[in-house]
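Count along the sequence shown from 1, add 80, and you get the number used in my numbering. Even for Gly, the Cβ is constructed at its ideal location relative to N, Cα and C. It should be emphasised that the depicted structure is a prediction, and the values quoted were computed from it without experimental measurement.
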Amino acid sequence: MLKPTIISISMATVMAGAAISPALGLIAANFPEANPVMIKLILTAPSLFIIPFTFISSWLTSKIPKRTVALIGLFIYVVAGVGAQFTNTIEMLLAFRFILGAGVGLVMPLGITLISDHFAGREQVKMMGYNSAFSNFGGIITMMLAGYLAAISWRAPFNVYLMGVVIFIMVFLFLPKDTPHTQDKGIPRSKMPLMVFGYAAASAGIMLVYYSVATNMALYLEQSNIGGSALAGTVISFTTVGGMITSLTLIQLQDILKSYIMPISILLMGVAFTGLALSHSVPLILACTCIIGFGQGILFPIINVKALSLVNPLHSDRVIAIVSSSIFIGQFSSPLLLDGIAGLAGFPTIRFQYSVIGIALGITVLLIILFKVFRKPKVSAIEA
């Protein structure tokens, strides 16, 4: 039961903010005096606490067992997640959402670092893929369940966080108690390799472009006179389906594509975004979003493996904290940066944004290939 337990930890984190999005309209109606910005903060508030608490989680794992950190984080996760439904003011509701972010921040890095602790080589890559796939699956189930619960009341969707109780029990029963890794006092603290920050920046960039599908798809379809919010939900779900497929077959794809797995994945995403910029066909739009999902389903697990391969296992928690935090930075900056570019260019349409993303990803692939051609050949740690 070790593998399902580790994977379940990552499944919990996908519920952090978006889980109760189907009830956002109902919440706004229940708090008519609330500023619209306050209503939007209900979804984004957890992320503001996730980033600092990923680093707190990294520090705690050097003092106490990871199993204990996971149990503390899951306890906070359940209490804050479910407890928000019992509040009667928007301020208290937001307070619970901030606390939820603290719990998620403690738990989020552990799914990846536990894989690094317990698995190596091909098995580690396979587990990274499974971890990503089942995180996507958890997101699908959570959103569907929250949608059904929203038909009952605005409070009901918060009960999706009860899934944390099941995960808490699995961690308590099946995750072995580890000994905290500490640096020997006689050995100087090693510096974090610069490439770790490079992979963190790559994660931020990938999330920046990937999140543009979720934030812009409804407006994209409306601007193109193709459909509304119902179709947008279906289209967005295809990114998750694509991510699941590639994550489950990650080890086979790595065997085939070898060191070119990352540039090929980025190229596919670039072609897909270009397709979105040009297409007016629903089937083609669905295919493009699925391909975007293919790309992210490969890139995020591979980046984690490559970043972890650069450091001693003693520092794996710090590495994942850095990479995970960068993902949320990319998520935050996505609408701000893309809307800003479109505004400066004088083309405030989503199609223009998608064309810019397509071109940027194409240039990125070209730079990666040039780097591979001109650098001295090295054996990649992930291929070992």
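- Burial is judged here by how many other beta carbons sit within 10 angstroms of a residue's own beta carbon; Gln411 has at least 16 and is buried.
- In the DSSP assignment, Trp234 falls outside any alpha helix (DSSP H) and carries neither an H nor an E.
- When rounded, the separation of the alpha-carbon atoms in Leu104 and Ile119 is 7 Å.
- Taken atom to atom, the span from the alpha-carbon of Ala422 to that of Thr354 is near 16 Å.
- Here the alpha carbons of Ile407 and Thr167 stand approximately 30 Å from one another.
- In the structure shown, Val117 adopts helical secondary structure according to DSSP, grouped into three states.
- With contacts defined as CB atoms closer than 9 Å, Ala401 and Ser138 qualify as a contacting pair.
- Taking a cut-off of 8 Å for Cβ pairs, the segment 338-347 and the segment 244-255 do not touch, as fewer than three such pairs fall below it.
- Residue nearest to Val276 within the set Asn384, Gly308 and Gly285 is Asn384 (criterion: CA-CA distance).
- Straight-line measurement puts the Cα of Leu123 at about 18 Å from the Cα of Leu242.
- As the crow flies, the alpha-carbon of Leu416 is around 14 Å from that of Ile437.
- Non-local beta-carbon contacts of Phe199 in its own chain, meaning distances under 6 Å to residues more than five positions away in sequence, involve Met207 in chain order.
- Minimum Cα-Cα distance from Ser396 among the listed residues Pro116, Ile144, Met172 and Ile195 corresponds to Ile195.
- The Cβ neighbour count for Phe427, taken over all protein chains shown within 10 Å, is under 16; the residue is labelled exposed.
- Per DSSP, reduced to three states, the secondary structure at Ser361 is coil, with no helix or strand assignment.
- Looking from the CA of Val205, the closest CA among Thr444, Gly377 and Met349 belongs to Gly377.
- Gly181 is positioned such that its CB atom lies closer than 9 Å to that of Ile130.
- Annotated as proximal: Ala213 and Gly323, with beta-carbon spacing under 9 Å.
- Within the segment 363-446, the complete alpha helix (DSSP H) segments of 4 residues or longer fall at 396-425, listed in chain order.
- In summary, Arg235 is buried, with 16 or more beta-carbon neighbours lying within 10 Å of its beta-carbon over all protein chains present.
- Going by C-alpha positions, Ser317 is about 22 Å away from Ser404.
- Cα atoms of Met272 and Val391: separation of roughly 8 Å, rounded to the nearest angstrom.
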